[in-house]
Amino acid sequence: MVVMATKGIRFICVLIFGCFLLQPFGAVWAQKVIRPTFSAAETLPPWAQLMYASNPNVWQVDSAYTAWYRVNAFTKTTHTQYYKKWRRAAQPFVNQQGFIAKPTPQQQRARQEKRSQTVALQQSLRSGSSLAQWSCMGPFETFEVNYNSLQRPKSEQANVYCFDQSFSNPDILYCGSEGGEVFRSVNKGLDWVCVSRNYPINAPTAIKIHPYDPDIVFTGSGNRIFKTTNGGNTWQEVYSAGGLEVNDISVNLANPQIVLAASQNGLYRSTNGGNSWTQLYPQPCYDIELKPDDPSVVYLLKGNPTQNRCEFFKSVNFGAAFTQITNGWYNSTDPNRQDGGARMTVTPADPNRIYAVLIGQAKDGDNGFIGIYRSDDAGETWTLPNPPAGGPYTAAHQNLASINPDGSGFHQGYYNLGIAASHTNANHLLIGFLSLWKSENGASTFTPLGGYQGSPNNYVHPDIQEIEINGSDMWFVSDGGVNYSTDLVANHEARNKGITSSDFWGFGTGWNEDVLVGGRYHNGNTAWYQNYTAGNFLGLGGGEAATGYVNPGENRNAYFSDIGGKRIPETFDGFVASVPFGIFPNESYYPAESGEVEFDPRCYNTVFVTNQNKLWKSENGGAQFTLLYTFGTNTAAGVLYLEISRSNPNVMYLTQRNADTWGTGWLWKTTDGGVSWTNLTLPPGYARRMLIALSPTDENLLWLAYPDGGNGQKIYKTDNGGSTWTNLTTATLDDENMQFIMHQGGTNGGLYIGTGRSVFYRNNSLPDWQYYVDGLPAEISTDILRPFYKEGKIRMGAYGKGIWQCDFYEPSTPVAQPMVNKRFTDCPADTLQFEDYSMLHHANATWLWEFPGGIPATSTLRNPRVTYPETGVYNVTLTVTNPYGSSTKTITGMVTVSSATNNLPAETNFEAGTGPVQVVNPDNNIGWAEYDIANCPENGSIAYSVSCYTYGNPGQIDELVFPLNIDLTETPSPALTFRVAYAPYVDGGGAWIDSLKVLVSNNCGNNFTAVYSSGGEDLSTTTSGIGPNNLYEYDAFEPQNCSEWRNVCINLSQFAGQYVTVKIQCLNGYGNNMYIDNLSFDNKPLVAPVITGTNAGCNTQIYTYTAPIGGTNYQWTITNGTILSGQGTSTIQVQWNTGPGNVAVAIEQ
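Sequential numbering of the sequence shown, starting at 0, is according to numbering that gives the first Met the number 0.
Shown next, in the form of structure tokens:
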């Protein structure tokens, strides 16, 4: 029996599959960069017009894009989605003028040969000694965060472009990733291994396994086709042509020597297993399928650029010649029609059945989707089961390509397009676009399964790249990875373990604890901690931000611009808590364009952030920032890299890019901690943007690299603070793009350079830059390099290839650096947390701290806690020692202890701002803000509220904080009063609740005790609610009258005689709006109640208690009983339990 191999469908005998690509625009590269279709009537923003030009200038597009969204709100569109893909793909090929100049296949081979020869020569000059080997740290697999005890692997791992399953051995799979890697699995996707790292296979867009020998595989990569005959151990280039861009590959079942390749350059055919090729058509070809029961019959989808239509062709002689068939086929004649590409599928359940999905527009305004055509007679005639071709779109005729079924919103064209029919029921098929869809009636109607549309309980990563069905095996691959199902995706599981192609746009690491974090293209933020299994990362959510920063003192505190500050859990199944962080730096998708979060080397809660053209500073770990300096008036001239001297923290260097596309940037220096800045003279070269690295022992020793520098002008150093420069560039760096530089402290000038292809190292003793690439992929693009001195490692967050680490090129001698959580405290009882920020390999290391005036006076811990019982200014000394040496550092005046206090009353009715109360907004998003009281104003018309109804960030905490060290030594009856209004949210899917807490610290804010906690129904004040007990609201809650406010009085007499700090927290649960007003912290004497009724002595008896009248609010406290009514008034009824009971009341006068 003959079998079929198809895209999405696998035959009994052969599997045909591929990843597809429409014509790249302006230049060619090994990425799925597809110009989308859009309405001719649409007015494009200026940046999009530049991008779609025939020869776009990347820098001009970037500048126009930034300028547009400085004044226009950002909304995802078809064009912004294309811009991200286009910009990432263009990055490696941008020349010094900003144009895209991709090398020819011959130039690529010459460059790779030169690199190999240089590496071999350098190895020989080392007298045969080998360098340390780089190794991949993952992510090997990404898991859900433990919100509900289910921590499953999740397809938030890597963008997989193409996939194939072996016909002869279905356990064997291959896939290709956007990051430029081919992976192989021998156990049906449970584990994957990269089989292409020694070869420059960039972003495979199609892959095909030989039907009878799974060690023979073809893959299309940019301008080239590669073949392996040994399961990926070695690869051979078998064809190359400029602008090739392979969309699909087919190996014939009856004669595997016949190989077809559909590409943007046309259709190619080989009759000798890929050794030589003949071009059959020059036009773009999108897809190939074989008839399931007769592999001599070949189907082809081909573009016709003249007619702006996709056409169907059929061959009956193994693809030697084709005939176009038009009977019933799509045939728009509208002058505004556009061909966006197509894909098709066949099925052994009905060997004559073909489905073809066409995208583009049959007429103006169709927004990406034309329809799914069907043939029941092997392509001789066609019908459109769900007409018309294109729009108008309705509930019965949905647009499957756009983000919304009604056709509104963006689409991504051929970038995400897949289709596959069931092998057991020809009427069942899966279709992938931005979302995954299914049809169970032969393409007459469609149901969304997941992605942007479908059930949130059936998570499907958006952007489906490929679908393949082989017998009962159903696979779909997406921007998130590989998923497997056997039941038309009613159930499915992620199978990505070992696909290490996570695309890091941001990257951060810990210092004394092993922490890895980063923001990734397509797959949000991720985190790993030293207690987790190696390679198992948590998926934290978020979008596609170039983010991820780690606090060097509190290493599990990490910061992400799209999800805020997070506390990475100590255990893999722990809860991810929120931590404050208010401002984030300039961030960019591409290298050497992002700002930084930097920390004062003496204090890990003193934070600096480069945002727009401004430098911001926080003294409390990022909870609040103040503007330190503004560099010019143009906010588009972003400040980027910041270096703070360890030897003299008053000295800092900062780079600023020019807002002008070709303008020269600036290198700034301060010697007074950022109060004033001087513009330094730059060395020769193209200085549009810069990278810098600073010596930890000499504030005048700085390295500077030009990412856009020409040959001979790439890397410099100054040893006099920027007065003069020495050129360190050699011919070894020719044609390399500088993407990150990192100095290794404790060496003789050791510096690493990460480029778009390699890593280099040089110190003052080496005559030239050394390739430091052993164990790395043949080509790897550096995003960020970070040191991990604790283990003597350098780490790289890479574009499209995950995280890598290697031993330092050479050991570092120790460089001591003490650090503390706060350098100034107003509280002599305060406990200060010291931490070692030294450049120190911890193996056999020792620490000796000296704290004159502190308790203890000395310590041998790495991170001691110290108190200073007396006010004063204190020096701190740290000595660190390991087998490579010893280093001592004393910081004069490191700690200042004073005794400032604040007195009662502390209160505000918000009419003139927050008064003594400080608003803490950790994520700089929705938090406590002014609210105009429309109903029941009291002591003014302003309250404060948190709009939890619209703010969906469960777990986020927003605070109102009273002053530090409030003096209660003369306050016998302190109490906090306020009024609150709230209603939780409910709908048919359940209830969402928020909480209000009051916390008190009596040790300078080091620890807090909760004295009040209420949420959900308990906190609800609505009088017109719905849901359980009528205490919920479906609409956004606003108090409508005075009865929807509740007065709260909290007795704080347990803290009398102490110094305290008080804060009020709103804990977000994506519920409903919360309001607070009339905060008052003062002395509010307790009044003994007047008791009426008989003595309480019997279980279940009810008694009445009355307090003196005249108070404005009464807060009753009962032990061993229940208040039945009257709380907040002067009279209550209590039902007692058996045994002793107490009653007390706090009265607000």
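From the three backbone atoms N, C-alpha and C, an ideal C-beta is built for every residue, glycine too. Please read these numbers as outputs of a predicted model, since none were measured by experiment.
Item to check | P505 vs Q156 beta-carbon contact at 8 Å | outcome: For the purposes of this step, residue 505 is identified with residue 506 of the sequence shown, where counting begins at 1. For the purposes of this step, residue 156 is identified with residue 157 of the sequence shown, where counting begins at 1. In the sequence as displayed, the identity of residue 505 is Gly instead of Pro. Taking 8 Å as the Cβ cut-off, G505 and Q156 do not qualify as a contacting pair.
Item to check | For N1141, three-class secondary structure by DSSP | outcome: Your numbering for residue 1141 matches position 1142 in the sequence shown. N1141: strand per DSSP, three-state reduction.
Checklist entry - Could you check where the beta strand (DSSP E) with V1047 kicks off and where it finishes? => result Residue 1047 sits at position 1048 when you count from the first residue of the sequence shown. From DSSP, the beta strand (DSSP E) with V1047 extends over 1045-1050.
Next on the checklist: According to DSSP, is K977 part of a helix, a strand, or is it coil?
Outcome noted: Locating residue 977 in the sequence shown gives position 978, where the first residue counts as 1. Just to set this straight, residue 977 is Phe in the shown sequence, not Lys. Annotated three-state conformation of F977 is strand, per DSSP.
Item to check | First and last residue of the uninterrupted beta strand (DSSP E) at W46 | outcome: Position 47 of the sequence shown, counted from the first residue, corresponds to residue 46. Element bounds for W46: not the beta strand (DSSP E) but the alpha helix (DSSP H), 45-50.
Item to check | Through-space distance from G684 to Q48, alpha-carbon basis | outcome: For the purposes of this step, residue 48 is identified with residue 49 of the sequence shown, where counting begins at 1. For the purposes of this step, residue 684 is identified with residue 685 of the sequence shown, where counting begins at 1. One C-alpha to the other measures close to 30 Å.
Checklist entry - Under a three-way DSSP split, which group does T968 fall into? => result Start at 1 with the first residue of the sequence shown, and residue 968 comes out as number 969. Coil at T968, not helix or strand.
Item to check | Whole-number beta carbon distance between F630 and N612, since they are thought to touch under 8 Å | outcome: In the sequence shown, counting from the first residue as 1, residue 612 sits at position 613. In the sequence shown, counting from the first residue as 1, residue 630 sits at position 631. Indeed, because the Cβ distance is near 5 Å, the residues count as touching under 8 Å.
Item to check | Residue burial classification, S1124 (beta-carbon count within 10 angstroms, cutoff 16) | outcome: As a position in the sequence shown, residue 1124 is number 1125, starting the count at 1. Counting Cβ neighbours within 10 Å, S1124 comes out exposed, since fewer than 16 surround it.
Item to check | Which of helix, strand or coil DSSP assigns to L537 | outcome: On the sequence shown, position 538 is the one that residue 537 refers to. Reduced to three states, the DSSP call for L537 is strand.
Checklist entry - Just the Cα atoms here: how many angstroms apart are R114 and T605? => result Here residue 114 refers to the residue found at position 115 of the sequence shown. Here residue 605 refers to the residue found at position 606 of the sequence shown. For R114 and T605, the distance between alpha carbons rounds to 43 Å.
Item to check | Where W328 falls: helix, strand or coil (DSSP) | outcome: Here residue 328 refers to the residue found at position 329 of the sequence shown. Three-state result, W328: coil.
Next on the checklist: Is it the case that the segment 1015-1023 contacts the segment 1038-1052, given that we only count it when at least three CB pairs across the two stretches are under 8 Å?
Outcome noted: yes
Checklist entry - Cβ of N511 within 8 Å of Cβ of E834? => result Indexing the sequence shown from 1 puts residue 511 at position 512. Indexing the sequence shown from 1 puts residue 834 at position 835. Yes, the Cβ-Cβ distance between N511 and E834 is below 8 Å.
Next on the checklist: My parser needs the beta strand (DSSP E) runs of 3 or more residues fully inside the segment 878-911; what are they?
Outcome noted: 884-896, 905-907
Checklist entry - What's the gap between the Cα of G1068 and the Cα of N398? => result For this step, residue 1068 is matched to residue 1069 along the sequence shown. For this step, residue 398 is matched to residue 399 along the sequence shown. Spanning the two alpha carbons is a distance of roughly 34 Å.
Checklist entry - Touching or not, the segment 356-365 and the segment 375-382, by the rule of three or more beta carbon pairs under 8 Å? => result Flag = no, the segment 356-365 and the segment 375-382 do not touch.
Item to check | Residues near L679 in its chain [Cβ-Cβ closer than 6 Å; skip 5 each side] | outcome: Within the sequence shown, numbered from 1, the residue matching residue 679 stands at position 680. These residues qualify, in order along the chain: L666, K668, G721.
Checklist entry - At which residues does the alpha helix (DSSP H) containing K83 begin and terminate? => result As a position in the sequence shown, residue 83 is number 84, starting the count at 1. Per DSSP, K83 belongs to the alpha helix (DSSP H) from 77-89.
Next on the checklist: One question on the structure: do Y160 and E140 come within less than 8 Å of each other, judged by their Cβ atoms?
Outcome noted: Here residue 160 is taken as the residue at index 161 of the sequence shown, counted from 1. Here residue 140 is taken as the residue at index 141 of the sequence shown, counted from 1. No.
Checklist entry - What are the uninterrupted segments assigned as beta strand (DSSP E) that are 3 or more residues long and contained completely in the segment 284-336, given in chain order? => result 284-290, 293-303, 308-314
Item to check | Among E112, L130, N56, W58, the one whose alpha carbon lies nearest that of Q769 | outcome: Position 770 of the sequence shown, counted from the start, is the residue given in the question as residue 769. Comparing Cα-Cα distances from Q769 to each of E112, L130, N56, W58, the minimum goes to L130.
Next on the checklist: Can you tell me where the alpha helix (DSSP H) holding A704 begins and where it ends?
Outcome noted: The sequence position of residue 704 within the sequence shown is 705, counting from 1. Run containing A704: none in the alpha helix (DSSP H); it sits in the beta strand (DSSP E), 701-704.
Checklist entry - What are the start and end residues of each continuous beta strand (DSSP E) run of 3 or more residues lying completely inside the segment 571-655, in chain order? => result 576-578, 596-599, 602-610, 613-617, 625-629, 638-643, 651-655
Next on the checklist: Does the distance between the C-beta of N736 and the nearest non-hydrogen atom of the ligand FAD fall short of 7 Å?
Outcome noted: By its list of ligands, the structure shown contains no ligand whatsoever, and the ligand FAD lies outside what it can speak to.
Checklist entry - How about D993 and N1071: are their beta carbons less than 8 Å apart? => result Taking the sequence shown and counting its residues from 1, the one referred to as residue 993 is at position 994. Taking the sequence shown and counting its residues from 1, the one referred to as residue 1071 is at position 1072. Yes, the pair counts as a contact, with Cβ atoms nearer than the cut-off.
Next on the checklist: Going by DSSP in three states, G791 sits in which element: helix, strand or coil?
Outcome noted: Within the sequence shown, residue 791 is the residue found at index 792, counting from 1. Three-state result, G791: coil.
Next on the checklist: In the DSSP output, what is I932 paired with across the bridge?
Outcome noted: Residue mapping note: residue 932 aligns to position 933 of the sequence shown, counting from 1. Paired residues: none, contrary to the question.
Checklist entry - Who are the Cβ neighbours of V1086 in its own chain at under 7 Å, not counting the five residues just before and after it? => result As a first step, residue 1086 is located in the sequence shown; it is residue number 1087 there, counting from the start. Annotation note: pLDDT 48 at V1086 (below 50); position unreliable, coordinate value reported separately. If we look at V1086 and ignore the five residues flanking it on each side, its Cβ neighbours are A1106, P1107, V1144, I1146.
Checklist entry - Taking buried to mean at least 16 other C-beta atoms within 10 Å of its own C-beta, is F583 buried or exposed? => result Position 584 of the sequence shown, counted from the first residue, corresponds to residue 583. Flag for F583 reads buried.
Checklist entry - Beta-carbon separation of N874 and G892 under 8 Å? => result For the purposes of this step, residue 874 is taken as residue 875 along the sequence shown, with counting starting at 1. For the purposes of this step, residue 892 is taken as residue 893 along the sequence shown, with counting starting at 1. The answer is yes: Cβ separation under 8 Å.
Checklist entry - Which value, in whole angstroms, describes the spacing of the CA atoms of L700 and D782? => result Working through the sequence shown from its first residue, we reach residue 700 at position 701. Working through the sequence shown from its first residue, we reach residue 782 at position 783. Distance between the alpha carbons of L700 and D782: 24 Å.
Checklist entry - Roughly how many angstroms lie between the CA atoms of F37 and Y531, to the nearest whole one? => result Taking the first residue of the sequence shown as 1, we reach residue 37 at position 38. Taking the first residue of the sequence shown as 1, we reach residue 531 at position 532. If I take the Cα positions, the gap works out to 47 Å.
Item to check | Nearest neighbour of D462, chosen from N469, G417, N186, N307 [CA to CA] | outcome: In the sequence shown, residue 462 corresponds to position 463, counting from 1. Cα-wise, what sits closest to D462 is G417.
Checklist entry - Would the beta-carbon of G221 fall within 8 Å of that of A202? => result Counted from its first residue, the sequence shown places residue 221 at position 222. Counted from its first residue, the sequence shown places residue 202 at position 203. The answer is yes: Cβ separation under 8 Å.
Checklist entry - When DSSP builds the beta bridges, which residues end up paired with P152? => result Counted from its first residue, the sequence shown places residue 152 at position 153. Residue pairing for P152: DSSP places it in a beta bridge opposite F142.
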